[in-house]
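To start, the structure under review is shown below, and the notes come after it.
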Amino acid sequence: MHLSTESISDEASANSRWISSVTMGKKEEEEVIRIAKKIDKMAQKKNGAGALDLLKELRSIPMTLELLQSTRIGMSVNAIRKQSTDEEVTSLAKSLIKSWKKLLDEPGAADKASEEKRKEQSTPVVSPSQGSPEAKEESSSSNSSSKSEPSEVAPNTLINTFPRAPSTSDSIRLKCREMIASALQTGDDYIAIGADCDELGAQIEECIFQEFKNTDMKYKNRVRSRISNLKDMKNPNLRRTVLCGSVTPERMAKMTAEEMASDELKEMRKNLTKEAVRDHQMATTGGTQTDLFTCGKCKGKSCTYTQVQTRSADEPMTTFVFCNECGNRWKFC
23 MHLSTESISD EASANSRWIS SVTMGKKEEE EVIRIAKKID KMAQKKNGAG ALDLLKELRS
83 IPMTLELLQS TRIGMSVNAI RKQSTDEEVT SLAKSLIKSW KKLLDEPGAA DKASEEKRKE
143 QSTPVVSPSQ GSPEAKEESS SSNSSSKSEP SEVAPNTLIN TFPRAPSTSD SIRLKCREMI
203 ASALQTGDDY IAIGADCDEL GAQIEECIFQ EFKNTDMKYK NRVRSRISNL KDMKNPNLRR
263 TVLCGSVTPE RMAKMTAEEM ASDELKEMRK NLTKEAVRDH QMATTGGTQT DLFTCGKCKG
323 KSCTYTQVQT RSADEPMTTF VFCNECGNRW KFC
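Right, here's the structure in full:
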């Protein structure tokens, strides 16, 4: 089969444009990653000098949803925005994040990005003179090298790829889905991660509804507790793990208050539990009356003390002292 000169020329031109766009995309990705690393270092060292120039560089780069997801540049920009005291830096960072958010708001944006990536990885490179033996050899080596490249340069993909939640016409359920989605949008992490908050909110609500099979008070309380914890600015890790998919909608729908709590609150509860156990141990042993200790609060000497082994056996015992006059408690080793 003979190809006309015109058809070969058109095919060569199309391939040339495709190669050019892929090369351009890689250059942009490398440039964005370079800027992101510099911004991350600034945020870690709490030194924002030069941040404005980097943000201006970012503004000149045409951003796509695929580029936004693969580089996670949104997280870097958001970190420097929160830390910087320079109004120009925070203003430009906000402007960039706002413009990138529009990419997420486009209908089917996430599907389009993944589809484009699949096309990019599967489209073969055709040589304009493929009919000749020399061209076939060249094409063969070109294709074999291009097959090995995608595994090396393929960007991170979205983790949160769960089946879509069934639709509903129930007004209460729709409102709950909307509120959960709004809670997931607290902060700007969802922009950097590229998560579909509306779909995630619907999935979490669907799991809650499937457990109770109605929208009674138990259902509403469960939804309310999810919203409260997801909106907690002191507990961003919970929100991020849900957005990334580390915590599935099914898991999020059933988590207890203790499981959803921030690391700080978990540590506080742990310490309070330890103190309560020690107080209980001291109370049950009765204690020994003495006037050898002086209360630091009322200066009284009527005290009761108890000694408890709170550490390893070869360590000194901890002495708990209770002032019989004012109720003050203290301890020492």
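Whatever position you read off the sequence shown (first residue = 1), add 22 for the numbering used here. Glycine included, every Cβ here is placed at the ideal spot set by N, Cα and C. Just so it is clear, the structure is predicted and the values come from calculations on it, not from any experiment.
From what residue to what residue does the alpha helix (DSSP H) around residue i run?
i: T332; result: First-last for T332: undefined, no H or E at that position.
i: S193; result: 193 to 206
i: R262; result: 258 to 266
i: M277; result: No alpha helix (DSSP H) holds M277; DSSP gives it neither H nor E.
When DSSP labels each residue in this structure, what does residue i get in the three-state scheme?
i: S324; result: coil
i: Q66; result: helix
i: D313; result: coil
i: E160; result: Since pLDDT at E160 reaches only 43, below the 50 mark, its modelled position is unreliable, and the value read off the structure follows with that caveat. DSSP places E160 in helix when its eight states are reduced to three.
i: K319; result: coil
i: I226; result: helix
i: G96; result: helix
i: A298; result: helix
i: R248; result: helix
i: M255; result: coil
i: N236; result: coil
i: V269; result: coil
i: A217; result: coil
i: T112; result: helix
i: M85; result: coil
i: R103; result: helix
i: A58; result: helix
i: M290; result: helix
i: S284; result: coil
i: S189; result: coil
i: P338; result: coil
i: A73; result: helix
i: D211; result: helix
i: L118; result: helix
In the DSSP assignment, what residue or residues form a beta bridge with residue i?
i: R351; result: F344
Please state if the CB of residue j and the CB of residue i are separated by a distance shorter than 7 angstroms.
i: I55; j: T93; result: yes
i: A101; j: A65; result: yes
i: E50; j: I83; result: yes
i: A217; j: L265; result: yes
i: A214; j: M97; result: yes
i: C325; j: N350; result: no
i: Q207; j: C198; result: no
i: P271; j: I226; result: yes
i: C345; j: G309; result: no
i: L114; j: L76; result: no
i: A205; j: K253; result: yes
i: V99; j: L87; result: no
Quick check: does the Cβ of residue i come within less than 6 angstroms of any heavy atom belonging to the ligand GTP?
i: R94; result: Ligands are entirely absent from the displayed structure, and the ligand GTP is therefore not among its contents.
When the Cα of residue i is compared with those of the options, which residue comes out closest?
i: L287; options: P258, K63, D220; result: P258
i: G223; options: K242, R248, F234; result: R248
i: R81; options: Q225, K120, N69; result: K120
i: M239; options: A187, I194, T278; result: I194
i: R333; options: L90, L114, T341; result: T341
i: A73; options: T107, S250, K353; result: T107
i: L90; options: R186, L125, R291, N346; result: L125
i: I230; options: M274, K253, A335; result: M274
i: L314; options: I57, V343, G209; result: V343
i: E200; options: E337, E228, M255; result: E228
i: M277; options: N251, E53, V111; result: N251
i: D211; options: E281, I95, K235; result: I95
i: M85; options: T112, K123, C348, K104; result: K123
i: K67; options: Y327, Q329, Q105, E347; result: Q105
i: C348; options: S191, E280, C320; result: C320
i: N69; options: G267, V111, R244, E221; result: V111
i: T328; options: E337, A335, D336, W352; result: W352
i: V330; options: I57, L196, C355; result: C355
i: R244; options: L196, N293, A279; result: A279
i: R186; options: L196, D192, G209, E221; result: E221
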